[in-house]
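Asker: In our numbering, the protein residues as written are 1353 to 1492.
For each residue, glycine too, the CB sits at the ideal point set by N, CA and C.
Values in this document were obtained by computation on a predicted structure and should not be read as measured data.
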Amino acid sequence: GNVLVLNDEVVAEARIAPDVIEAVAVIERGELVRRERLYRGARPPPELRGRTVILVDDGLATGSTMRAAVAAVQAFEPRWTIVAVPVAAPSVCRAFEPLVDRIVCGATPQPFFAVGPWYIDFAQTTDAEVRRLLAEGDRG
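1) Terminal residues of the continuous beta strand (DSSP E) containing Val1408?
2) Assess contact between the stretch 1403 to 1410 and the stretch 1427 to 1443, defined as three or more Cβ pairs (one per stretch) separated by less than 8 angstroms. Is contact present?
3) What number of angstroms, rounded off, separates the C-alpha of Leu1486 from the C-alpha of Ala1394?
4) On the CB-based measure, 16 or more other CB atoms within 10 Å of its CB, does Val1372 come out buried or exposed?
5) Taking the alpha carbon of Ala1427 as the point to measure from, which residue in Val1405, Cys1445, Phe1465 and Thr1414 has its own alpha carbon closest?
6) Give me, in chain order, the residues of the same chain whose beta-carbon lies closer than 6 angstroms to that of Arg1419; leave out the 5 immediate sequence neighbours on both sides.
7) Classify Gly1402 as buried or exposed, calling it buried when 16 or more other Cβ atoms lie within 10 Å of its own Cβ.
8) Using the DSSP secondary-structure output, state which residues sit across from Ala1420 in a beta bridge.
9) Look at Ala1375 and Gly1415 and say whether their C-beta atoms are less than 8 angstroms apart.
10) What first and last residue would you give for the beta strand (DSSP E) that runs through Ile1434?
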């Protein structure tokens, strides 16, 4: 979808100009299109209307990525939207309570500094790994 989620406080504090935001948004939209084509291939998008959608991530530090995912999914009117993460900043976990039907945060350590330290291996997932896992899911 055409969802743009901004942290207005960060934008104001860093004095990021609207034209810079738009330029970055254009680049990121292009990356989203590339990934969707690569990952989905010929498969149609899943039908979300009236269904339960569970959004999972490796953790929530600022929650920005998950907020964008929630907004994109909710545009398709699912019956329930659930967010599940193994670790999150306590305030970020609480911030999702009014946004979704259920938020599950396995651990909310205080103080929270980052998601990465909670993992033995926090390497980025490659496109090849994503495609392999999606293909395995298709096979059931």
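Answerer: With the given structure in hand:
1) As a first step, residue 1408 is located in the sequence shown; it is residue number 56 there, counting from the start. That run of the beta strand (DSSP E) goes Thr1404 to Val1408.
2) yes
3) In the sequence shown, counting from the first residue as 1, residue 1486 sits at position 134. In the sequence shown, counting from the first residue as 1, residue 1394 sits at position 42. Counting only the Cα atoms, Ala1394 lies some 13 angstroms from Leu1486.
4) Position 20 of the sequence shown, counting from 1, holds the residue named residue 1372. Under this definition Val1372 is an exposed residue.
5) Sequence index remark: in the sequence shown, residue 1427 carries index 75 (1-based). Closest option to Ala1427, Cα to Cα, is Val1405.
6) The residue labelled residue 1419 in the question sits at position 67 within the sequence shown. Cβ neighbours of Arg1419 beyond the five flanking positions: Val1357.
7) Along the sequence shown, one-based indexing puts residue 1402 at 50. So Gly1402 ends up on the exposed side.
8) Against the sequence shown, residue 1420 aligns to sequence position 68. Answer is none; Ala1420 lacks a bridge partner.
9) Counted from its first residue, the sequence shown places residue 1375 at position 23. Counted from its first residue, the sequence shown places residue 1415 at position 63. Contact: no.
10) For the purposes of this step, residue 1434 is identified with residue 82 of the sequence shown, where counting begins at 1. Residue range Trp1432 to Val1439 is occupied by the beta strand (DSSP E) that includes Ile1434.
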